[in-house]
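A.B. asks: A single structure is presented below for examination.
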Amino acid sequence: MLLALEGLAGAGKSTLRDRILATAACEGIHLGHIGQFSWLSLEATRSIIGLRAGRPATSGPRAMAAIRRDLELHARHNLTPALSLGPVVADRLTLSTACLLALLHDRPVAHYVQQLAEVTAARADLIVLLTTEPELCHTRLSKRPTTRRFGEDRATAARYADLYEHAANAWTEATGLPVLRHPCATEPDLDLLAAACLDRLRETAPDAART
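Quick note: the numbering used here has the sequence shown finishing at residue 211, numbered continuously throughout.
Following this line, the structure appears as structure tokens:
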């Protein structure tokens with residue numbers, strides 16, 4: 001099973017990921033953890049770096065082609081080997097990439113979701129979209145010592161939140177796969193989300209994934 005955690009910076013993805021990984025380890029479930037990109041293509045890496053900085057270096061079609069190439073490499077060299085050992089949790093994946101492309105290029109987010117969903121080996125079996133309010137995300141980020149990145153200001157975060165909603169709808173329409181939407185604003189929210197994710201992971205973890 002591939003579980004992808006999606007949402008705004010500051011939405012609670014890292015906190016949820018750490019809770020899931022810690023609980024899985026305590027239960028003896030071998031749970032892999034993987035990032036959003038493969039970084040295995042120089043051309044794609046250049047495009048990704050430009051996109052993440054808010055300064056796209058190529059046109060929309062070229063950026064889409066490069067990103068899709070990266071996802072294909074990610075699926076072949078990272079996701080598939082990891083999934084052969086047991087379930088995997090991804091800290092962001094397809095929806096985040098589609099939203100970033102839509103934010104910086106003049107195409108609907110559904111277009112990018114549909115293009116990326118065609119890489120079937122990288123499809124998450126379950127996406128958890130953290131719908132934490134942008135203002136709370138901003139408050140959390142303001143307490144971090146790191147420099148703010150592109151997309152973490154209030155105005156852009158609000159646009160991102162809207163894009164994520166459209167992307168989630170487009171994902172289910174394109175793939176038939178579910179997106180679980182829930183905020184991660186309180187400790188009970190975290191408990192509920194972690195429990196829901198772990199229930200799915202327990203159902204799909206093979207005996208060999210238990211140590």
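For each residue, glycine too, the CB sits at the ideal point set by N, CA and C.
Which value, in whole angstroms, describes the spacing of the CA atoms of residue 169 and residue 67?
C.D. replies: Counting from 1 along the sequence shown, the entry for residue 169 is found at position 169. Counting from 1 along the sequence shown, the entry for residue 67 is found at position 67. When rounded, the distance between both Cα atoms is 21 Å.
A.B. asks: So residue 71 packs on residue 119, CB below 8 Å; how close in whole Å?
C.D. replies: Translated into the one-based positions of the sequence shown, residue 71 becomes position 71. Translated into the one-based positions of the sequence shown, residue 119 becomes position 119. Indeed, because the Cβ distance is near 5 Å, the residues count as touching under 8 Å.
A.B. asks: Report yes if the C-beta distance between residue 152 and residue 141 is below 9 Å; otherwise report no.
C.D. replies: Within the sequence shown, numbered from 1, the residue matching residue 152 stands at position 152. Within the sequence shown, numbered from 1, the residue matching residue 141 stands at position 141. Taking 9 Å as the Cβ cut-off, residue 152 and residue 141 qualify as a contacting pair.
A.B. asks: Reducing DSSP to helix, strand and coil, say where residue 86 ends up.
C.D. replies: By 1-based counting over the sequence shown, the position of residue 86 is 86. In this structure, residue 86 counts as coil in the three-state DSSP scheme.
A.B. asks: DSSP beta-bridge partners for residue 6?
C.D. replies: As a working mapping, residue 6 is identified with position 6 in the sequence shown. According to DSSP, residue 6 bridges with 129.
A.B. asks: Consult DSSP for residue 177 and reduce its assignment to one of helix, strand or coil.
C.D. replies: On the sequence shown, position 177 is the one that residue 177 refers to. Note: residue 177 maps to coil in three-state DSSP.
A.B. asks: How far does the alpha helix (DSSP H) with residue 74 in it reach, from first residue to last?
C.D. replies: To locate residue 74, count along the sequence shown from 1; it is residue 74. Per DSSP, residue 74 belongs to the alpha helix (DSSP H) from 60-74.
A.B. asks: Buried or exposed for residue 143, going by 16 or more other Cβ atoms inside 10 Å?
C.D. replies: If you number the sequence shown from 1, residue 143 lands on position 143. Flag for residue 143 reads exposed.
A.B. asks: Would you identify the three-state DSSP class for residue 166, choosing helix, strand or coil?
C.D. replies: Walking along the sequence shown from the start, residue 166 turns up at place 166. In the structure shown, residue 166 sits in a helix (DSSP, three-state: H, G or I).
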